[in-house]
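Shown next, in structure tokens, is the structure this report addresses.
Protein chains in written order, with our numbering: chain A, 2 to 253; chain B, -16 to 48.
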């Protein structure tokens, strides 16, 4: 599914903004996620506790290049992450705008080309733009991660038509909606559209009960996937009675 | 010699990147290093000489989204 790795869970969970390492660990467990995202930062007070936690969670790590605005920063961060986390997986973010955190597609494609050539398994955080998607595949990416909405905004799928087109266009490419998912219903909707996975962080970390929300997302994603596989009925403009008319009593 | 370590100007006796990590008490297997914006792999740290004013980043695994 993703660079030769098959996962049972289609939820990838971010590890930032939790109240405590314990809550994070319980949320990961409750969500069923097998992939968690991590970053590289100057060591803060919680550094040791986080390393212990990574050792405890049996998840596959997906390091990110969050906060990078240039090709050089992103490439250097990816190389550092590969060494310290011992994985060639990298969630490639090259941010183009400070307010929207929209990816810079030009720098993204260039960084992806450099990293793919160095043997990285690149998960590019991109927009729903089909041509950018094509260029990323040409660069060597085997997964695309379009945004649902701006990072941390919780708005859900802001360009439904664009995401539908993307799913239809890249029929055989694993697609992950990354960012902007705020509610389990939005995650289920993503899966019903046929996306392969959902990556989210804030919606769980900032919930009143992060562990409960993690579980809810895990189930919603599972339900959405099963719904997609079962084949959704076509929408109609008009009503169509579901109870048979045949055998209806005359009571008027 | 004065260098920039993780955004702070510090005075150091270390001549190489490996010596700097030891001097500053970093657990060397748990960090990744960059000098003036370029990644320096673990095996290259002992051979990486530090010059006055160099910018060193020593990064650790942290929470991320």
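Every residue, glycine too, gets a C-beta built ideally from N, C-alpha and C.
Check, Outcome
"Span separating the alpha-carbon of residue 226 of chain A from that of residue 195 of chain A", "7 angstroms"
"Contact set between residue 42 of chain B and chain A, taken where Cβ atoms lie within less than 7 angstroms", "41, 42, 43, 81"
"CB of residue 211 of chain A within 8 angstroms of CB of residue 180 of chain A, strictly", "no"
"Three-state class that DSSP yields for residue 13 of chain A in the structure shown", "strand"
"Residue nearest to residue 22 of chain A in terms of C-alpha spacing, selected from A/192, A/44, A/57, A/7", "A/57"
"Buried versus exposed, by CB contacts within 10 Å (16 or more), residue 81 of chain A", "buried"
"Through-space distance from residue 35 of chain A to residue 28 of chain A, alpha-carbon basis", "12 angstroms"
"Alpha-carbon to alpha-carbon, residue 6 of chain B and residue -5 of chain B", "8 angstroms"
"Best match in A/193, A/114, A/42 for proximity to residue 133 of chain A [C-alpha to C-alpha]", "A/114"
"Contained alpha helix (DSSP H) runs [length at least 4] in the segment 116 to 173 of chain A, N- to C-terminal order", "131 to 140, 161 to 170"
"Start and end residues, alpha helix (DSSP H) containing residue 207 of chain A", "Segment: none, residue 207 of chain A is in no alpha helix (DSSP H) and carries neither H nor E."
"contact_flag[the segment -16 to 3 of chain B, the segment 29 to 36 of chain B] where n(CB pairs < 8 angstroms) is 3 or more", "yes"
"Between the CA atoms of residue 131 of chain A and residue 1 of chain A - distance to the nearest angstrom", "The shown model of chain A, from 2 to 253, leaves out residue 1 of chain A, and the question about it has no answer."
"Distance, residue 88 of chain A Cα to residue 34 of chain B Cα", "31 angstroms"
"Cβ of residue 14 of chain B within 8 angstroms of any chain A Cβ", "yes"
"Three-state secondary structure assigned by DSSP to residue 28 of chain A", "helix"
"For residue -8 of chain B and residue 2 of chain A, the rounded distance between their alpha carbons", "46 angstroms"
"Exposure label - residue 146 of chain A; buried when at least 16 CB within 10 Å", "buried"
"Cβ of residue 45 of chain B within 8 angstroms of any chain A Cβ", "yes"
"Classification of residue 53 of chain A by the beta-carbon crowding that lies within 10 angstroms, buried from 16 upward", "exposed"
"Continuous alpha helix (DSSP H) assignments of at least 4 residues falling wholly in the segment -3 to 30 of chain B", "0 to 6"
"The segment 71 to 85 of chain A touching the segment 97 to 112 of chain A, judged by at least three CB pairs closer than 8 angstroms", "yes"
"Buried versus exposed, by CB contacts within 10 Å (16 or more), residue 38 of chain A", "buried"
"Cβ-based burial, residue 101 of chain A [other Cβ within 10 Å; buried from 16]", "exposed"
"Span separating the alpha-carbon of residue 95 of chain A from that of residue 243 of chain A", "50 angstroms"
"Straight-line Cα distance separating residue 107 of chain A from residue 168 of chain A", "22 angstroms"
"Cβ-based neighbour list, residue 203 of chain A, same chain, cut-off 6 angstroms, excluding 5 preceding and 5 following", "153"
"Candidates A/6, A/209, A/75: closest to residue 61 of chain A by CA position", "A/6"
"Where the alpha helix (DSSP H) through residue 193 of chain A begins and ends", "185 to 193"
"Extent of the continuous alpha helix (DSSP H) run through residue 212 of chain A", "211 to 231"
"Nearest-angstrom beta carbon gap, residue 44 of chain A and residue 49 of chain B [assumed within contact, 8 angstroms]", "No information on residue 49 of chain B is available, as it lies outside the stretch -16 to 48 that chain B covers here."
"Proximity test, Cβ basis, 8 angstroms: residue 48 of chain A and chain B", "yes"
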